[in-house]
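Number 1218 in the working numbering belongs to position 47 of the sequence shown; there are no gaps in the numbering.
The beta-carbon is built from N, C-alpha and C at its ideal position, and this holds for glycine as well.
The structure presented is a predicted model; accordingly, all values stated were derived computationally and were not measured.
Structure first, then comments.
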Amino acid sequence: DLLQYMVDAAAAAAHNEDASGGVTPQSFADNLLTFLFAGYDTTSIALAYTLHLLAAHPQVQDKVVAEIQAVLGADTAPTCDIVSSLTFCAAVVTESVRLFPPVLVTMRSLEADLHVGGHRVPKGTNVMLPIYWIHRYEGNWGADAAAFRPERHLDEIHGKDKAFRMMAFSAGPRNCVGMRFAMMEAVIVLAVVLRRCRFSLPTDAPPVRPVVAGLVQKPEHGIWLHVQPRESAPAL
């Protein structure tokens, strides 16, 4: 598992005289804390919003379920190798974190002076990047930037140069170390849950409004859903 890989890498680095680039005890501890704490709330928040959006768009939910059934059949377990074939399901998760990024802002410290619009921003300045705004800016995503449209992430045109328009996992060499793990985890959870359950919105559900909760954002009133078992659901 992930922990064992990190232990093995740290042990190998400890016995290597030239451990440059290897896993040190400090980097081992830092990365372990990142996966344990940074990856818990963010993934659960992303899944909550994804289920809300699928409940609000039943036609998209049906399309996801059709893909899951086509790829997994009735009882195939969603392994890591198979998950890569669930492309539309992954696009749904990506669109969900575009509209409702669990982390609303990120920060970078300038390593050199930056000149923007005739102004100098000095080296060492902390620059805040508003992820929520970047994800909903029409200049980045078109006139339907506020709409839930997973297909945009399957579109070759929208896929080009998307890295710095899609900042849910940050971007560049210091992006989120758990990005692939989080995406794989979210897709597997959706594949398991959606094969068994159908989600819809209660008529009395409060509006979904993100509020800041520490380092992340959460829906102010939680996510309200009706859950019904599917008739053809496989056994647990």
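{"Check": "Between which two residues does the alpha helix (DSSP H) holding residue 1366 run?", "Outcome": "1350–1367"}
{"Check": "Can you give me the Cβ contacts of residue 1239 inside the same chain, cut-off strictly under 7 Å, excluding the 5 residues immediately before and after it?", "Outcome": "1257, 1260, 1362, 1365 and 1366"}
{"Check": "Between the region 1214–1230 and the region 1268–1278, do at least 3 Cβ pairs fall closer than 8 Å?", "Outcome": "yes"}
{"Check": "Going by DSSP, what residue range makes up the alpha helix (DSSP H) through residue 1234?", "Outcome": "1229–1243"}
{"Check": "Between 1277, 1278 and 1298, which has its C-alpha nearest residue 1285's C-alpha?", "Outcome": "1298"}
{"Check": "Classify residue 1279: buried if its beta carbon has 16 or more other beta carbons within 10 angstroms, exposed otherwise.", "Outcome": "exposed"}
{"Check": "How should residue 1235 be labelled, buried or exposed, when 16 other C-beta atoms within 10 angstroms of its C-beta is the threshold for buried?", "Outcome": "buried"}
{"Check": "Report the residue ranges of all beta strand (DSSP E) runs contained in full by the region 1258–1285; include only those spanning at least 3 residues, in chain order.", "Outcome": "1276–1280"}
{"Check": "Give the secondary structure of residue 1392 by DSSP, where H, G and I count as helix, E and B as strand, and everything else as coil.", "Outcome": "coil"}
{"Check": "Do residue 1307 and residue 1314 count as a contact pair if the criterion is CB distance below 7 Å?", "Outcome": "no"}
{"Check": "Our contact map puts residue 1336 next to residue 1312 with C-beta atoms below 8 Å; I'd like the distance itself, whole angstroms only.", "Outcome": "7 Å"}
{"Check": "Hey, quick one: how far does the beta strand (DSSP E) through residue 1384 stretch, first residue to last?", "Outcome": "1381–1384"}
{"Check": "Measure the alpha-carbon distance for residue 1243 versus residue 1399 and round it to whole angstroms.", "Outcome": "21 Å"}
{"Check": "Kindly indicate which three-state DSSP category residue 1177 falls into: helix, strand or coil?", "Outcome": "helix"}
{"Check": "Spell out whether any CB of chain E is found under 7 Å from the CB atom of residue 1264.", "Outcome": "The structure shown contains no chain E; it holds only a single protein chain."}
{"Check": "Starting from residue 1397, trace the beta strand (DSSP E) both ways and give me its first and last residue.", "Outcome": "1397–1400"}
{"Check": "How many Å lie between residue 1355 and residue 1262 at the Cα?", "Outcome": "12 Å"}
{"Check": "Taking the straight line between their C-alpha atoms, what separation do you get for residue 1292 and residue 1300?", "Outcome": "15 Å"}
{"Check": "Measuring CB to CB, does residue 1370 end up less than 7 Å from residue 1226?", "Outcome": "yes"}
{"Check": "By Cβ distance below 8 Å, which residues in the same chain neighbour residue 1247 in space, the five residues on each side in sequence not counted?", "Outcome": "1253"}
{"Check": "At what residues does the beta strand (DSSP E) containing residue 1301 begin and finish?", "Outcome": "1297–1301"}
{"Check": "On a Cα-Cα basis, can you pick out the residue from 1305, 1237 and 1218 that is closest to residue 1394?", "Outcome": "1218"}
{"Check": "With the cut-off set at 7 Å, would you say residue 1255 and residue 1220 are in Cβ contact?", "Outcome": "no"}
{"Check": "Check residue 1387 in the structure and name its three-state DSSP category.", "Outcome": "strand"}
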